[in-house]
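Student:
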Amino acid sequence: MEPNYTEPAWGLSLWYPTHWISDVQAEGLIFATSAELIEGSEFSAGAAMGVLSAELQTGQTVDEFLQMMLEELYFEDMATSDQQARTIGGQPGLVVTLEGTPERGEYPLRGFMAVAQRGGWGYLFLGVSAAHEWSEYGSTLEEMLRSVRFEEIEHFYASSEMGLTTWYPQDWMYEEDHDQVIFASSEDLLRSGNLEKGAAMLVSTSSLREASLEEWFEDQATELDFESGGPTSKVKPRTVGGQTGLTFRLEGIPTGSETLVKGFMAATEFEDWGYFFLGVSVAEEWAECGPMLEEMLDSVQFME
0 MEPNYTEPAW GLSLWYPTHW ISDVQAEGLI FATSAELIEG SEFSAGAAMG
50 VLSAELQTGQ TVDEFLQMML EELYFEDMAT SDQQARTIGG QPGLVVTLEG
100 TPERGEYPLR GFMAVAQRGG WGYLFLGVSA AHEWSEYGST LEEMLRSVRF
150 EEIEHFYASS EMGLTTWYPQ DWMYEEDHDQ VIFASSEDLL RSGNLEKGAA
200 MLVSTSSLRE ASLEEWFEDQ ATELDFESGG PTSKVKPRTV GGQTGLTFRL
250 EGIPTGSETL VKGFMAATEF EDWGYFFLGV SVAEEWAECG PMLEEMLDSV
300 QFME
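Read in order, the letters of the sequence shown are residues 0 to 303 in numbering that gives the first Met the number 0.
(1) Which residues in the same chain have their Cβ closer than 7 Å to the Cβ of S203, if we skip the five residues on either side of it in sequence?
(2) Cα separation between A286 and V95?
(3) Taking the alpha-carbon positions, what's the E135 to G27 distance?
(4) Drop a sphere of 10 angstroms on the beta-carbon of G92, count the other beta-carbons inside from all chains shown, and report buried for 16 or more, exposed for fewer.
(5) On the three-state DSSP scale, how would you describe R237?
(6) On a CA-only basis, which of V23, A113, I181 and E38 is nearest G88? Give me that one, please.
(7) Which residue wins for smallest C-alpha separation from L125, given the options S191, R208 and G49?
(8) Got a sec? Which residues, its chain only, sit under 8 Å from A78 by beta carbon, not counting five neighbours each side?
(9) Please identify the residue among Q90, S40 and S280 whose C-alpha is closest to the C-alpha of N193.
(10) Check whether the region 251-261 and the region 224-231 are in contact - that is, three or more C-beta pairs closer than 8 Å.
(11) Would you kindly report the start and end of the unbroken beta strand (DSSP E) that includes R117?
(12) In angstroms with no decimal places, state the Cα-to-Cα distance between W9 and E217.
(13) Could you pull the DSSP bridge partners for I37 from this structure?
(14) If you follow the beta strand (DSSP E) that P290 is part of, which residue opens it and which one closes it?
(15) Classify M68 as helix, strand or coil using the three-state DSSP reduction.
(16) Enumerate in chain order the residues of its own chain whose CB-to-CB distance from A282 is below 7 Å, with the five nearest sequence positions on each side excluded.
(17) Per DSSP, D22 forms a beta bridge with which residues?
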């Protein structure tokens, strides 16, 4: 099977059945036959695969990584097979089969735990189903594991506190607070906040309270004052992170600055929170920086 899911931040792709549910969580990736399993409901039926990655400790082998992950798996009376060598995504790995009942669970599960090493990172693949349904789901979980492909890891920012991930250019840097993060093309820009060259992206979030997205977006947008210029387009619909959002273009000289800038503002809502995005560059560099800022906005994903 050819991969139909890619996670650039982790540098991997894999295939999963299109009628399954996928989700990016702070702990990792999860694919399941139902939303209830992703939300942590009792595992009485169905199947799921979880994918985790962790930086290996100095000198840690893939065997030691597997043993560490098995020790963290809370199953009662868990039976495991001897570990077998397994190539995963072209990388050396190991796999064990397992069967047992999760701690505080009622129903036995059956499946496998597989690990692979790529560079200095360990990757874990845990595929399980209700034990009595292994004959139905086991081959699918195996096919998912066989489909794994490792790719070049891209620079991604992830914040469980803000509840989102986004790509950013490799040579950029960022500074974060609990409710906002600023990405900039240089350390000088990040430190001074004075956009004389290069580009930057601000991402902030706050509760919508009783406001509509349109009202909240207007409040956020008015916080940026211009000595001259301002919006150059009407507010238009814009999907952000799979959510319905809004955006408009801008060009002008911000108050307190002498530099003409060009960019966009965008906003969306997720679980009663508003998310605001301001992407700007020096106007004469927009042809170079604009596509990168748009790509950053396109890459946004929200965490459950």
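Even for Gly, the Cβ is constructed at its ideal location relative to N, Cα and C.
Tutor: Walking through what the data contain:
(1) Taking the first residue of the sequence shown as position 1, residue 203 is located at position 204. Answer for S203: D178, Q179 and F275, listed in chain order.
(2) Position 287 of the sequence shown holds residue 286. Position 96 of the sequence shown holds residue 95. Approximately 52 Å between the Cα atoms of the pair.
(3) Reading the sequence shown from its first residue, position 136 is the one you call residue 135. Reading the sequence shown from its first residue, position 28 is the one you call residue 27. Rounded to the nearest angstrom, the two C-alpha atoms are 25 Å apart.
(4) Here residue 92 refers to the residue found at position 93 of the sequence shown. It is buried - the Cβ of G92 has at least 16 other Cβ atoms within 10 Å.
(5) Residue numbering aside, residue 237 sits at position 238 when the sequence shown is read from its first letter. For R237, the secondary structure class from DSSP, reduced to helix, strand or coil, is coil.
(6) Locating residue 88 in the sequence shown gives position 89, counting from the first residue. G88 has its Cα closest to that of A113, out of V23, A113, I181 and E38.
(7) If you number the sequence shown from 1, residue 125 lands on position 126. For L125, the nearest C-alpha among the options comes from G49.
(8) What you label residue 78 is simply residue 79 of the sequence shown in a count that begins at 1. Answer for A78: L97, E98 and G99, listed in chain order.
(9) Residue 193 sits at position 194 when you count from the first residue of the sequence shown. Check the Cα spacing between N193 and each of Q90, S40 and S280: the tightest is with S280.
(10) yes
(11) What you label residue 117 is simply residue 118 of the sequence shown in a count that begins at 1. Where R117 is concerned, the enclosing beta strand (DSSP E) stretches over L108 to R117.
(12) Here residue 9 refers to the residue found at position 10 when the sequence shown is read from its first residue. Here residue 217 refers to the residue found at position 218 when the sequence shown is read from its first residue. Rounded to whole angstroms, W9 to E217 spans 35 Å at the Cα level.
(13) The sequence position of residue 37 within the sequence shown is 38, counting from 1. Partner(s): none; I37 has no beta bridge.
(14) Start at 1 with the first residue of the sequence shown, and residue 290 comes out as number 291. Boundaries around P290 are those of the alpha helix (DSSP H), W285 to D297, since no beta strand (DSSP E) includes it.
(15) In the sequence shown, residue 68 corresponds to position 69, counting from 1. Three-state DSSP puts M68 in a helix.
(16) Reading the sequence shown from its first residue, position 283 is the one you call residue 282. These residues qualify, in order along the chain: E250, L259, V260 and K261.
(17) Here residue 22 refers to the residue found at position 23 when the sequence shown is read from its first residue. D22 is bridged by DSSP to I29.
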